[in-house]
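403 is the number that numbering that gives the first Met the number 0 gives to position 404 of the sequence shown; each next residue is one higher, with no gaps. We treat Cβ as the ideally placed atom computed from N, Cα and C, and that holds for glycine. These numbers come from a predicted model, not from an experiment. One structure below.
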Amino acid sequence: MEIVLAISYTALFIYLIFKLSFFRIHGLPRKFITGVFFLKLLCGLALAFLYKYHYPEPEKYADTIKYFNDSKVLYELIYTDPLAFFELLFTVNNESILHLEYYLHLMDWWTFESQTIIKVNALMRIFSGGFYFVHVVFFVFLSLIGLVAFYKFLNKVIPGHLLCKYVSVFFVPSVLFWGSGALKEGVFIFANGVFFYSLYEILTKRATLLRLLTCILGLYLLMFNQYYLVALLVPCLVAFVITTYANPKRVGWFFSAISIGYWLIVLNAYRIFPKYDFIKSLYKKQQHFIGYTSDVDVASLIDYKVLKPTFLSLVECTPTAFFNSILRPHIMEIKNALMLMAALENMLYIILFMAIIISFNKARFRRLFRFPIIQFSIYFSVLLFLLIGLVVPVAGAIVRYKVPLLIYWTFVLMMMVDPQKLSARIGVLKPIISYFYKIEVKLKKGTFSH
């Protein structure tokens, strides 16, 4: 029955790709979007098999399985206690509500950080028959919607460069793999896409009910699915909204001023509100990870600096944190296939950095930095790189935590490369760059399938 349902929903989603106007994109035939869907489906199934049949004790250690199992407790409340079901579904920080304690004790991972993904799984159970692999199909389609929405958003905020958008949105290896499982990453990809697409439609056109609802849904999922992202998104998002209407020459000034002001407030908030000590929160989070690595045999533990709850320690740890989050795992510390994939991906980013340096074009940089989305992508990516590097001492966890920023990061790096200068300085690359240029032309003309 599980296989029948999974195949049936796969067929339904393919039908929707070909019928819904949402999936109509100039230059990208629906069959290519269907191809991305199948590629994501393969990644999602591979990830599911890896967790269920390769990991030791998946019921105990695999987060995707734990989210799925906990969702059964919430789902069954529809029939036994509907009021409790809706209360748990629409409230947060509900661990302290006395009459819900019994149900919460039946779950292993109902925490502030995990309850959103459990709620999503519980809602999916209404249609999935309670089969895990059907949930994988749902998550694949959900994340595909997010990717398509974000691609359409990028097309609106910055003209041209279609190949950069196509590759960075649909074909970043870590995003493809981890973003196709029944995990928080898939929810983020969906929320990120629908939020920014609907927000920009509201800012530049009009606020229809559908746009408002999808914008609110996306924001809610961003806030409560991976809550640590909120602190990083706030200054970037405020600056993006303001600079949408600002003089392009002042975009950089707005982002810098808003970010500096915001972080001065955040880092000094403890002086007025002692409970809101950002650096101490980072310190506690790192200690939590360190404690976890001492309790469990972690194969991908990396060298790290121990953070102390002081501003000076934060500054001292920043260079190592940035290096670890950008370049780890590297090719010399591969211990399994997943680390190999991550290391090769990091090698591609190093090659991109080298291409940027070789083809450096000051005028191109100046032009790019006038687009709010470029500034947003840089600020958000760098801040998240730092946060991950400061807190996470495990290479495997770093790979997953980076997924939310990789689309932005890849897009910015690819945009910074000047293909004409690169081909002029490295002649052997001319045929390759010429081939990519032809693809770009086909994307613009809408003849990519020919």
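What residue range does the alpha helix (DSSP H) around residue i cover?
i: R270; result: Here R270 belongs to no alpha helix (DSSP H), and DSSP marks it neither H nor E.
i: P81; result: 81-89
i: N345; result: 336-357
i: L19; result: Segment: none, L19 is in no alpha helix (DSSP H) and carries neither H nor E.
i: W408; result: 402-415
i: K115; result: According to the sequence displayed, residue 115 carries Thr and not Lys. Residues 114-127.
i: W177; result: 172-177
i: Q419; result: 418-424
i: T319; result: 310-326
i: L367; result: 361-367
i: Y101; result: 100-104
i: N191; result: 183-203
i: L212; result: 208-224
i: P234; result: 227-242
Cutting at 7 Å between CB atoms, please list the residues of its own chain near residue i, excluding the five before and the five after it.
i: Y434; result: none
i: A245; result: F253
i: Y199; result: F152, K155, V156
i: V398; result: S173, A341
i: E112; result: Y226
i: L326; result: N345
Between the options, which lies nearest to residue i when the distance is taken from Cα to Cα?
i: F67; options: V91, F132, L15; result: F132
i: R365; options: D69, P158, M0, P247; result: P247
i: F370; options: K155, L73, V35; result: K155
i: I372; options: A423, F239, A336; result: F239
i: L306; options: L44, A336, L385; result: L385
i: K401; options: T79, S422, K183, Y50; result: K183
i: I377; options: F48, G251, V136, L202; result: G251
i: I387; options: Q225, F37, K39; result: Q225
i: A394; options: N323, P28, L421, A354; result: N323
i: V91; options: W109, F17, L105, E75; result: W109
i: L73; options: I2, G129, Y150; result: G129
i: N335; options: H53, V186, I117, H134; result: H53
i: F89; options: H104, L105, Q114, F272; result: Q114
i: L389; options: R363, E75, Y282; result: Y282
i: Y196; options: M222, A230, Y150, S179; result: Y150
i: V139; options: L103, I188, T213; result: I188
i: V180; options: I257, L40, A268; result: The sequence as given places Gly at residue 180; Val does not occur at that position. When each option's Cα is compared against that of G180, the closest is L40.
i: G178; options: F21, V237, L38; result: L38
i: W237; options: S255, L220, F223; result: Residue identity check: residue 237 is Val in the sequence provided, not Trp. The option with the nearest alpha carbon to V237 is S255.
i: S7; options: F137, D107, P28, K18; result: F137
i: G217; options: C163, L141, T242; result: L141
Please return the same chain residues whose Cβ sits closer than 8 Å to the Cβ of residue i, not counting the five positions on each side in sequence.
i: V233; result: Y261
i: F352; result: L412
i: R424; result: I357, S358
i: F176; result: C42, A45, L46, M340
i: I355; result: L412, M415, V416
i: K118; result: S70, L73, L87, L88
i: E315; result: K304
Take residue i and list the residues in its own chain whose beta-carbon comes closer than 6 Å to its own, dropping the five residues that flank it on each side.
i: S380; result: L404, Y407, W408
i: I333; result: L339, A342
i: I77; result: F84
i: A320; result: L385, G388, L389
i: V135; result: G43, A47, A181
Taking DSSP's pairing of strands, which residues face residue i in a bridge?
i: I157; result: None, per the DSSP bridge assignment.
i: V393; result: L300
i: L27; result: I24
### Task
Take every Cβ of the segment 302-319, pair it with every Cβ of the segment 333-341, and state whether three or more of those distances are shorter than 8 Å.
The segment 302-319, when compared against the segment 333-341, does not touch it at the 8 Å Cβ threshold.
### Task
Please determine if the segment 97-106 and the segment 158-174 are in contact, where contact requires at least 3 C-beta pairs separated by less than 8 Å.
Segment contact: the segment 97-106 against the segment 158-174, fewer than three CB-CB distances shorter than 8 Å; contact not assigned.
### Message
I want to know whether the segment 185-195 touches the segment 140-149 - three or more CB-CB distances under 8 Å.
### Response
yes
### Query
Can at least three beta-carbon pairs, one atom from the segment 3-19 and one from the segment 118-125, be found at a separation below 8 Å?
Not touching, per the Cβ criterion.
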